[in-house]
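In mature numbering (1 follows the signal peptide of the UniProt record, and there is no 0), the protein residues as written are -21 to -1, 1 to 556.
Comments concern the structure below.
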Amino acid sequence: MLFPLAFAYLLFLVDIQGVDGATCTTTTTCLATDFTLPTCTNGICQCLNSSFVPVRSGCALQLDKPQLTGPERNSNEVLLGQNFTLRCFVNGAESYEWYKGGTRISTSSYLYTDIASPSTVGAFTCKGIGSETVVVSPLSDTYTVYLLGTGGSTTSSVQPRITVDVTSPVFIAATITLFCTNIPMGYDGPVTFKVNGVGLNIDNPTYVTIDSTNTGKEATCSIASSYSSVTFSKPTSAPVILPSLVSTIQSVSVTMYERILKEVIVPSAFTLTCSTTPNDVYIGNNTLLYTWQRDGSVINNATLMRYTATESGTYSCAAKLGSQSAVTSLNQIKVRIEDLLYISSSQPIRGGRVTLTCGDIRTDNVKYTWTQNNKVISGQFDRKLQLDNVQMNDSAAYKCGVSVNQVYLASSSQDVSVQTTIERPLISTGLARHFGENGHFTLWCITQSYTEGMTYEWKVKGVISPVTSKYYSLPAITSVNNGEYICKAKFKDVTSDNSPVLTVTVSQPGSLCYEHNDCNFDEPGYTGRCGSNDRCVCSDGYFPKGEMCTPVSSSSVGQILSSAVVIAFFCVFIKMI
């Protein structure tokens, strides 16, 4: 039957009305979201509380406090004349402000680099600046850089720290990596590693193969006790214990991007990993065998550690070492392959509004991330992103996603191209193939330049109609409705050209057919035969009305059936918003 196709067609035509955002004219134009109250004051939709600030596209959450750090493997000391680099970072920031001792430093990068001297070291702080200048983070905690050498201290009590890249058990012959960290910036002297008191080499990092002679033993690292006129009073690190050896798989998990997840929604194929403990990097000379399942059934030929999924379903895996029993993953990942992002208009007229919606309504209070041309839009964490008064520089590729806890959502990229003229509209009749007498029909005035708030002008048989909606209804159509129909679209002071003429000619009622196969409908009331008048023959107790076979006992049933597509569409529409 035609109805399922009609549902999909109407979904393609649907207009999602914008409801949230920074600008408003009455209280009815503001919708309560995660961050926005349904209150309009002086043309601005009010924000949830003082933690949020009104910005052009709604309400933005103030940026978190940034993290100010030095190099990962260095202490906060630097040798005289050597470079030192600090890093300031907070999600959503597009630039940064730096301060030394409360005085602003002239840089906006997330990195700050200088040469160590008595005048360049000291106490540093920073803050993040969002894309909207009102969205500013608090100041970071203070990070103090201390000078070693002339003009600073000639002794240091900072102790090196040894770290190992794996702390979980490993298989025999696995190679691990040792790092010596917490060393002053600019130090380029010798670094010595020892395992169980025996020196290894002076490479930093260094590599150790785990076997029965060193498993569970202590490892240390040391720097020179004197270097560049500076004395180090604690040149040797506290010890760490090397990993233990095992001979069986301890555990298995399904991961994505090295994370254990429960839910994934992505627009296309993606890769899952069957992660084991010991990790596959630390299996030595062993070989692991893998199997994958989707919805409880084994996936044929899926025998590698990684599996590229192309279908929705619930995925799990198992790993096997030699003749040992397979170990099944502790978790499963529920995956949906579908696109999340819906845009109310991909070619809006300048000055209009565009609403972007990221998937269905959720109840787990996740925060969303939005990007414009792959650049994070600061402060936008709601499921909807609204762009008011769009201008040419809003033309861009937009994406949304969630990556928090055990949830990962990612949309495809959707383009918004702001226009200055309205593309010439077309009049659509949906799936109607002819205008059967007494049927109920709707004409659509469709333009690729649809913009929220757009109005329409209909001209019927040369006379302008009072109808300003994009839909023109023709209920219980008769020959009186015969004639030429034209529409045009309007937004503010921009008007489109007239659409091509649609000529309505009312014909005999009944579903149009040219052969018997055209009349194989699932609904009751059809014999499955095509009559001599090119109309499907109705069963006893039914008569042709519009394009339907309608029960004789209830003339209203035909109207209800004719409206089934629209009813189903609005159910889907309500769900989407």
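Heads up, the beta-carbon is just placed ideally off N, CA and C, and yes, glycines get one too.
Subject >> Gly415 versus Trp423 - alpha carbon distance >> reply: As a working note, residue 415 is residue 436 in the sequence shown. As a working note, residue 423 is residue 444 in the sequence shown. Taking the straight line from one Cα to the other gives about 18 Å.
Original post:
Under three-state DSSP, which class holds Tyr261?
Top reply: One-based indexing of the sequence shown puts residue 261 at position 282. In this structure, Tyr261 counts as helix in the three-state DSSP scheme.
Subject >> Cβ-based burial, Val395 [other Cβ within 10 Å; buried from 16] >> reply: By one-based count along the sequence shown, residue 395 stands at place 416. Buried is the call here.
Original post:
Would Ile94 be called buried (16 or more neighbouring beta carbons within 10 Å of its own) or exposed?
Top reply: Looking up residue 94 in the sequence shown gives position 115. The residue in question, Ile94, is exposed, as its Cβ has fewer than 16 Cβ neighbours within 10 Å.
Original post:
Which of the three DSSP states, helix, strand or coil, is assigned to Met284?
Top reply: Within the sequence shown, residue 284 is the residue found at index 305, counting from 1. Met284 falls in the coil class under three-state DSSP.
Subject >> According to DSSP, residues forming a beta bridge with Asp318 >> reply: Counted from its first residue, the sequence shown places residue 318 at position 339. Looking at the DSSP assignment, Asp318 forms no beta bridge with any residue, so it has no partner.
Original post:
Is the distance from the Cβ of Glu76 to the Cβ of Lys44 below 8 Å?
Top reply: Translated into the one-based positions of the sequence shown, residue 76 becomes position 97. Translated into the one-based positions of the sequence shown, residue 44 becomes position 65. Taking 8 Å as the Cβ cut-off, Glu76 and Lys44 do not qualify as a contacting pair.
**OP:** Taking all protein chains shown into account, decide if Glu317 is buried (16 or more other Cβ within 10 angstroms of its Cβ) or exposed.
**Re:** By one-based count along the sequence shown, residue 317 stands at place 338. Answer is exposed; the Cβ neighbour count stays below 16.
Original post:
Does the beta-carbon distance from Leu127 to Ser136 come in below 8 Å?
Top reply: As a first step, residue 127 is located in the sequence shown; it is residue number 148 there, counting from the start. As a first step, residue 136 is located in the sequence shown; it is residue number 157 there, counting from the start. Not a contact, by the Cβ cut-off of 8 Å.
**OP:** Using three-state DSSP, classify Asp182 as helix, strand or coil.
**Re:** Your numbering for residue 182 matches position 203 in the sequence shown. The answer is coil: DSSP assigns Asp182 none of H, G, I, E or B.
Original post:
According to the Cβ coordinates, are Val174 and Leu221 closer than 8 Å?
Top reply: The residue labelled residue 174 in the question sits at position 195 within the sequence shown. The residue labelled residue 221 in the question sits at position 242 within the sequence shown. Yes, these two residues count as a Cβ contact at 8 Å.
Original post:
What residues in its chain sit with their C-beta under 6 Å from that of Tyr505, if we drop five residues either side in the sequence?
Top reply: Position 526 of the sequence shown, counted from the first residue, corresponds to residue 505. Excluding residues within five positions, the ones whose Cβ falls inside 6 Å are Cys498, Cys515 and Cys528.
Subject >> Nearest residue (CA-CA) to Tyr321, options Gln311, Ser444, Arg315 and Thr334 >> reply: Residue 321 sits at position 342 when you count from the first residue of the sequence shown. Minimum Cα distance to Tyr321 is reached at Thr334.
**OP:** Answer with buried or exposed for Ile202, where buried requires no fewer than 16 other C-beta atoms within 10 angstroms of its C-beta.
**Re:** Mapped onto the sequence shown, residue 202 falls at position 223. Answer is buried; the Cβ neighbour count reaches 16.
Subject >> Segment limits, beta strand (DSSP E) that includes Thr293 >> reply: Within the sequence shown, numbered from 1, the residue matching residue 293 stands at position 314. Segment Gly292 to Leu300, the beta strand (DSSP E) holding Thr293.
Subject >> Rounded separation between Thr287 and Val245 - CA only >> reply: Taking the sequence shown and counting its residues from 1, the one referred to as residue 287 is at position 308. Taking the sequence shown and counting its residues from 1, the one referred to as residue 245 is at position 266. For Thr287 and Val245, the distance between alpha carbons rounds to 12 Å.
Original post:
Roughly how many angstroms separate the alpha carbons of Phe500 and Thr482, rounded to a whole number?
Top reply: Numbered from its first residue, the sequence shown carries residue 500 at position 521. Numbered from its first residue, the sequence shown carries residue 482 at position 503. Their Cα atoms are separated by approximately 28 Å.
**OP:** Please classify Ser534: does DSSP put it in a helix, a strand, or coil?
**Re:** Within the sequence shown, numbered from 1, the residue matching residue 534 stands at position 555. The predicted position of Ser534 is uncertain, since its pLDDT is 44 and thus under 50; a value taken from the coordinates is nonetheless stated next. DSSP, read as helix, strand or coil, puts Ser534 in helix.
Subject >> Reduced DSSP secondary structure (H/G/I, E/B, other) of Asp120 >> reply: Reading the sequence shown from its first residue, position 141 is the one you call residue 120. Looking at Asp120 - three-state DSSP - the assignment turns out to be coil, as it is neither helix nor strand.
Subject >> Option nearest Asn55 by Cα separation, candidates Ser390, Ser132, Val115 and Glu502 >> reply: Numbered from its first residue, the sequence shown carries residue 55 at position 76. If we check each option's Cα against that of Asn55, Ser132 comes out closest.
Subject >> Spatially closest choice to Ser325 from Thr188, Ser428 and Ser448, by CA coordinates >> reply: Within the sequence shown, the letter at position 346 stands for residue 325. Measuring from the Cα of Ser325, the nearest candidate turns out to be Ser428.
Original post:
First and last residue of the beta strand (DSSP E) that includes residue 596?
Top reply: Look at the range of the chain in this structure, -21 to 556, and you will see that residue 596 is not part of it.
Subject >> Touching by the beta-carbon criterion (3+ pairs, under 8 Å), the segment 266 to 285 and the segment 334 to 352 >> reply: no
Original post:
For Asp339, does the count of other Cβ atoms within 10 angstroms reach 16, so buried, or fall short, so exposed?
Top reply: For the purposes of this step, residue 339 is taken as residue 360 along the sequence shown, with counting starting at 1. Asp339 is exposed by the Cβ-count criterion.
**OP:** Find out if the Cβ-Cβ distance for the pair Gly80, Gly101 is shorter than 8 Å.
**Re:** Here residue 80 corresponds to residue number 101 of the sequence shown, with the count starting at 1. Here residue 101 corresponds to residue number 122 of the sequence shown, with the count starting at 1. Contact: yes.
Subject >> Pro523 - containing beta strand (DSSP E), residue span >> reply: Mapped onto the sequence shown, residue 523 falls at position 544. Tyr521 to Lys524 is the span of the beta strand (DSSP E), which, as asked, contains Pro523.
Subject >> Simplified DSSP assignment, three categories, for Val233 >> reply: Here residue 233 refers to the residue found at position 254 when the sequence shown is read from its first residue. It is a strand residue.
Original post:
Does the distance from the CB of Ser232 to the CB of Leu309 come in under 8 Å?
Top reply: Here residue 232 is taken as the residue at index 253 of the sequence shown, counted from 1. Here residue 309 is taken as the residue at index 330 of the sequence shown, counted from 1. Their beta carbons are under 8 Å apart, which means Ser232 touches Leu309 by this criterion.
Original post:
Going by alpha carbons, who is nearest to Gly510 out of Cys492, Gly525, Glu526 and His413?
Top reply: For this step, residue 510 is matched to residue 531 along the sequence shown. When each option's Cα is compared against that of Gly510, the closest is Cys492.
Original post:
So Ala468 and Tyr521 are in contact, right, with Cβ under 8 Å, and what is the actual spacing, rounded?
Top reply: The residue you call residue 468 lines up with position 489 of the sequence shown. The residue you call residue 521 lines up with position 542 of the sequence shown. Actually they do not touch by this definition, with Cβ atoms about 40 Å apart.
**OP:** Buried or exposed for Ser532, please, with buried defined as at least 16 other CB atoms from any protein chain shown within 10 angstroms of its CB.
**Re:** Within the sequence shown, residue 532 is the residue found at index 553, counting from 1. Exposed, since its Cβ has fewer than 16 Cβ neighbours within 10 Å.
Original post:
Which partner residues does Val446 have in the DSSP bridge list?
Top reply: Along the sequence shown, one-based indexing puts residue 446 at 467. Answer by DSSP bridge pairing: none, since Val446 is not bridged.
Original post:
How long is the line joining the alpha carbons of Tyr125 and Val57, rounded to whole angstroms?
Top reply: In the sequence shown, counting from the first residue as 1, residue 125 sits at position 146. In the sequence shown, counting from the first residue as 1, residue 57 sits at position 78. Roughly 6 Å between the two C-alpha positions.
**OP:** Alpha carbon to alpha carbon, how far is Asn512 from Ala376? Give it in angstroms, no decimals.
**Re:** Stepping through the sequence shown from its first residue, residue 376 is reached at position 397. Stepping through the sequence shown from its first residue, residue 512 is reached at position 533. When rounded, the distance between both Cα atoms is 52 Å.
Original post:
Looking at Pro214 and residue 565, is the spacing between their C-beta atoms short of 8 Å?
Top reply: Outside the modelled stretch of the chain, which goes from -21 to 556, sits residue 565, for which no answer is possible.
Original post:
Rounded C-beta distance between Thr104 and Ser85? I'm assuming under 8 Å.
Top reply: Reading the sequence shown from its first residue, position 125 is the one you call residue 104. Reading the sequence shown from its first residue, position 106 is the one you call residue 85. About 15 Å; that fails the 8 Å criterion.
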